[in-house]
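J.: All residue numbers for the sequence shown refer to the numbering used here, where the first residue is 14 and numbers rise by one. Virtual Cβ for every residue (Gly too), placed ideally from N, Cα, C.
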Amino acid sequence: MPSASLTQPKINRPNIVAVGTIVWLSSELMFFAALFAMYFTTRAVQGPAVWLESTKILNIPFAAVNTTVLVLSSLTCQFGVFAAERLQPRRTAALWKFSKWGMREWFALTFLMGSFFVGGQIYEYANLVQEGLSLSSRAYGSVFYFATGFHGLHVTGGLVAFLLVMVRVSKARG
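1) Use the C-beta contact count for Met116: other C-beta atoms within 10 angstroms, 16 or more gives buried, fewer gives exposed.
2) Which residues in the same chain as Gln8 place their Cβ atom closer than 6 Å to its Cβ, once the five residues preceding and following it in sequence are excluded?
3) DSSP three-state label for Ser40, please.
4) Could you compute how far the alpha carbon of Ala50 sits from the alpha carbon of Lys23?
5) Express the C-alpha separation of Trp64 and Arg56 in angstroms, rounding to a whole number.
6) Assuming Arg117 is part of the alpha helix (DSSP H), what are its boundary residues?
7) Tell me which same chain residues have a C-beta within less than 7 Å of the C-beta of Gly165, skipping the five on either side of it?
8) Which same chain residues end up closer than 8 Å to Leu176 when comparing Cβ atoms and leaving out the 5 residues on each side of it in sequence?
Structure follows, in structure tokens:
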């Protein structure tokens, strides 16, 4: 009688972290797609003239600077990741030599830039409320505050998570 093989077949399963990340990113995509659908639907129903009138009170240059800071924070975060991959937790030269910055410096700058964005959004909201644009003032206000407010909450949640990472990094050796 032939002997049965005692080796178990290898089960090839996907990485649970990768699957979870894909599911989470997909849910984020769907959520923000719904916000854009709300924007496009409301704008189409109201017509371009009403929408144009509502947007006149926006401070576009301020919002552009604020958004640029947020976008650039993703670059500084990536520089921090590169430093981590080089096993360089902190800077190895003077503070003004950015090429020698470590993960901690890049992550601290990233956190400050994200905080600047959220603070700028709060400042912008305060000015818009003074101009008469509130969540309940008209349809544009509802769309504006829902879309930008949820984005601000998303960034704030990211800042909290990033702060937890920075605390863990500060407790690490090196």
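T.: Walking through what the data contain:
1) Start at 1 with the first residue of the sequence shown, and residue 116 comes out as number 103. By the neighbour-count rule (16 or more Cβ atoms within 10 Å), Met116 is buried.
2) The structure shown does not extend to residue 8, since the chain spans only 14 to 187, so no value can be given for it.
3) By one-based count along the sequence shown, residue 40 stands at place 27. Looking at Ser40 - three-state DSSP - the assignment turns out to be helix.
4) Residue numbering aside, residue 50 sits at position 37 when the sequence shown is read from its first letter. Residue numbering aside, residue 23 sits at position 10 when the sequence shown is read from its first letter. About 45 Å.
5) For this step, residue 56 is matched to residue 43 along the sequence shown. For this step, residue 64 is matched to residue 51 along the sequence shown. Going from the Cα of Arg56 to the Cα of Trp64 covers about 6 Å.
6) As a position in the sequence shown, residue 117 is number 104, starting the count at 1. Unbroken alpha helix (DSSP H) run through Arg117: Met116 to Gln143.
7) Here residue 165 refers to the residue found at position 152 of the sequence shown. The answer, listed in chain order, is Val131 and Gln134.
8) By 1-based counting over the sequence shown, the position of residue 176 is 163. Phe124.
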